[in-house]
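**Q**
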Amino acid sequence: MRHRPRTAFLALGAVTVIGLTGCSAIADADPGTGSLGGAPAAPAPVFDAAPALAKLDTLAVKGRAPKTGYSREQFGPSWSDDNGVEGGHNGCDTRNDILRRDLVDLTYKTSTRDCVVATGTLHDTYTGTTIAFVRGQDTSTAVQIDHVVALSDAWQKGAQQLSPEQRRDLANDPRNLQAVDGPTNSKKSDSDAASWLPPNKSYRCTYVSRQIDVKALYGLWVTQAEKDAMSQVLHSC
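In mature numbering (1 follows the signal peptide of the UniProt record, and there is no 0), the protein residues as written are -29 to -1, 1 to 208.
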């Protein structure tokens, strides 16, 4: 296995970069770099919820559409590199793109041109814990890739009207993806913000803001309960 510092794909992670302590976000920081020595880091800026609240008010508010017809296949092949969003057609599947973006201390499977992640460390934003990732049949699920806006939720809130290409992009868009603790992702399932939020309270402001960004980008709506939950989180930031 080859060791290599994380490089170019970090550009995809601008919207995901945040500290694990404090409700803050730094848009141009690298989540995988930093030093244990040297001068103390400057205090993280306070999270500015105003843009997210303003964007939330632009989203349509409707009830859920029926789940009829939903399947994962409606959003294209899982982790397809054949997509129109950042990272598409780079020769590496989306799952490994996100692992490379969100994990540190990476090693790669040999003969994959530093594409397939073999091992790494995840500082999990959803739980605030640190998880060792080891690729393997019985170990890979310790770290899963979450759709920040769950695909089933998206299907019931406007994605049925998207083209197949748009749904494929939604499923592979780095802005809607985050490497997270596997069991926590399973507990979330297809919940929206009205019924599930990350256990790590310091990440909730960013989590809700990302959901709003994705829903605005793809023309998806929110339910009234979902909007109320998002607003409550953002007003607490």
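Every residue, glycine too, gets a C-beta built ideally from N, C-alpha and C.
#1: Rounded to whole angstroms, what is the Cα-Cα separation between D19 and S157?
#2: Quick check on this structure: which residue in A150, K159, V151, G129 has the alpha carbon closest to the alpha carbon of V193?
#3: Based on the DSSP output, what are the partners of D117 in its beta bridges?
#4: Which residue wins for smallest C-alpha separation from residue 210, given the options P145, A196, Y189, A25?
#5: Any heavy atom of the ligand MN closer than 7 Å to the CB of H60?
#6: Quick one: is P2 buried, meaning 16 or more other Cβ sit within 10 Å of its Cβ, or exposed?
#7: Would you identify the three-state DSSP class for Y174, choosing helix, strand or coil?
#8: Going by DSSP, name the residue or residues bridged to residue 211.
#9: Can the beta-carbon of R175 be found less than 8 Å from the beta-carbon of V151?
#10: Just how far apart, CA to CA, sit T(-9) and T92?
#11: Quick one, are the C-beta atoms of L191 and A125 less than 8 Å apart?
#12: Taking the straight line between their C-alpha atoms, what separation do you get for D30 and S166?
#13: Once DSSP output is grouped into helix, strand and coil, what is the label at V56?
**A** According to the data block:
#1: Whole-angstrom Cα-Cα distance: 30 Å.
#2: Per the Cα distances, G129.
#3: Under DSSP, D117 takes part in a beta bridge, and its partners are Q149.
#4: With the chain covering only -29 through 208, there is no way to say anything about residue 210.
#5: Judged by which ligands are present, the structure shown has none, so any question about the ligand MN falls away.
#6: Reliability fails at P2, whose pLDDT of 36 lies under 50, so the model's placement of it is uncertain and the value that follows must be treated cautiously. Buried: at least 16 other Cβ atoms inside 10 Å.
#7: It is helical.
#8: One cannot answer for residue 211 here, as it falls past the ends of the chain, which runs -29 to 208.
#9: No, the Cβ-Cβ distance between R175 and V151 is not below 8 Å.
#10: Interpretation of T(-9) is limited by its pLDDT of 39, a score under 50 that renders its predicted location unreliable; the figure taken from the coordinates is listed afterwards. Computed Cα separation, rounded: 18 Å.
#11: Against a cut-off of 8 Å, the Cβ pair of A125 and L191 comes out as a contact.
#12: It is worth fixing the name first, because residue 30 is Leu in this sequence and not Asp. Near 19 Å, if we compare the C-alpha coordinates of S166 and L30.
#13: The answer is coil: DSSP assigns V56 none of H, G, I, E or B.
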